[in-house]
Amino acid sequence: MNYRHAFHAGNFADCMKHALLVALLRALAVKATPFRVLDTHAGLGAYDLAAPETGRTGEAERGILRLLDIEDGPLADYLALVRAAGAPAWYPGSPVLVRALLRPQDHLLACELHPEDHAILRARFRRDPQVAVHLRDGWEALRALTPFPERRGLVLVDPPFEQEGEFERMAAGIALVAHRFRAAVQACWYPIKHRAPVRAFHTALQESGVRDLLAAELWLREPTDPQRLNGCGLLISNPPWHFEEQAASILRALLDRLGSREPGEGWTVTRIAAE
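Residue numbering for the sequence shown is 1205 to 1479, as defined by our numbering.
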């Protein structure tokens, strides 16, 4: 509960995660039937890019602020939503982006365990009948709040990775939801500092027997320094039709603008488990 995302809002990892999230939500909205979204680690909802925390790290300057002039191509939809939410003054977190894409028949469940962040998030959506905000551990919410009554939707898992065992908890959570709620799309963010933990994570998922898994990864430099966020990934369970090609276009466009030009930068979309 010590982690505060305000220090990292709008960084390259946010851009990657949220651009892919928007694409997943657009795919869910193709069908007229309602869906629900569970955001297990929701945060504040939106972040002031002029705040001292953000300025101290400068991560938004190397992230979202390099992208805001883009108005066409695979990033255009995501960036239009970011601008509509107040950028460059504010950066929208996942609850705000999700809410912007909900239709009248859809709903959002947002969980946040940090008491101050939860209070801010709850106040933001206080009068919104389509959003429920819970002061709840995100890992516990996977069991308590799935499956959804609509029988379709998206589970977004975005933990801070400040505690030991987060990769193991994530693998177990993916397997749990896949067993309880097969129709759910799961989108699970993870850091890439060096390769060993990521390889172990992918292997654990393969051994769990969960089917239809895709890993989209973006890295700004060779992932060999365990003390540095060199890249990040989004593990997608039950990806929508043609999402693999769409993710590749998004990652290619992100690296073109955000790439560090350091040795080893790149992106990949990899099938971890077959359908």
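Cβ coordinates follow ideal geometry from the N, Cα and C atoms, glycine included.
Nearest to residue i (by Cα), restricted to the options the options
i, options, result
"Leu1312", "His1318, Arg1326, Glu1372 and Pro1319", "Arg1326"
"Gly1249", "Asp1310, Leu1283, Val1337 and Arg1270", "Val1337"
"Ala1478", "Met1374, Arg1432 and Glu1448", "Glu1448"
"Leu1232", "Ser1464, Glu1320, Glu1466 and Trp1445", "Trp1445"
"Leu1439", "Tyr1282, Ala1236, Leu1462 and Ala1379", "Ala1379"
"Ala1288", "Leu1269, Leu1301 and Leu1349", "Leu1301"
"Asn1434", "Ser1464, Leu1279, Ser1441 and Lys1235", "Ser1464"
"Leu1349", "Glu1320, Val1381 and Arg1331", "Val1381"
"His1212", "Pro1292, Leu1339, Thr1261 and Arg1415", "Thr1261"
"Gly1297", "Met1374, Glu1275 and Cys1315", "Cys1315"
"Gly1247", "Leu1339, Val1226, Ser1412 and Gly1357", "Leu1339"
"Gly1342", "Pro1443, Ala1376 and Val1234", "Ala1376"
Contact under 9 Å by Cβ, residue i with residue j
i, j, result
"Glu1469", "Arg1425", "yes"
"Phe1329", "Pro1299", "yes"
"Ala1387", "Arg1355", "yes"
"Ile1268", "Ala1284", "no"
"Ile1274", "Arg1461", "yes"
Cβ of residue i within 9 Å of any chain E Cβ
i, result
"Arg1230", "No chain E is present in this structure, which holds just one protein chain."
Where residue i falls, given that 16 or more other Cβ within 10 Å makes a residue buried
i, result
"Leu1272", "exposed"
"Pro1467", "exposed"
"His1318", "buried"
"Leu1397", "In the sequence as displayed, the identity of residue 1397 is Lys instead of Leu. Result: buried."
"Arg1384", "exposed"
"Gly1277", "exposed"
"Ala1345", "buried"
"Gln1450", "buried"
"Pro1353", "exposed"
"Ala1333", "It is worth fixing the name first, because residue 1333 is Pro in this sequence and not Ala. Burial call: exposed."
"Gly1413", "exposed"
"Ala1264", "buried"
Distance cut-off 8 Å: residue i Cβ against heavy atoms of the ligand MG
i, result
"Ala1388", "With respect to the ligand MG, the structure offers nothing, as it holds no ligand at all."
Contact the region 1450-1467 vs the region 1396-1405: 3+ CB pairs below 8 Å: no
Is the region 1237-1251 in contact with the region 1292-1307, if contact means three or more CB pairs nearer than 8 Å? yes
Across the region 1365-1381 and the region 1250-1264, are there enough close Cβ pairs to call them in contact, namely three or more that are closer than 8 Å? no
Segment contact flag, the region 1471-1479 with the region 1420-1434, C-beta cutoff 8 Å, min 3 pairs: yes
The region 1386-1393 / the region 1352-1364 touching (three or more Cβ pairs under 8 Å): yes
Which parts of the region 1247-1314 are runs of the alpha helix (DSSP H), unbroken and 4 residues or longer, counting only runs that do not cross its ends? 1256-1261, 1280-1288 and 1298-1305
Secondary structure, alpha helix (DSSP H): runs of 4+ residues fully inside the region 1208-1245: 1216-1232
What residue ranges within the region 1321-1382 form continuous beta strand (DSSP E) runs of no fewer than 3 residues, ordered along the chain? 1335-1338 and 1357-1361
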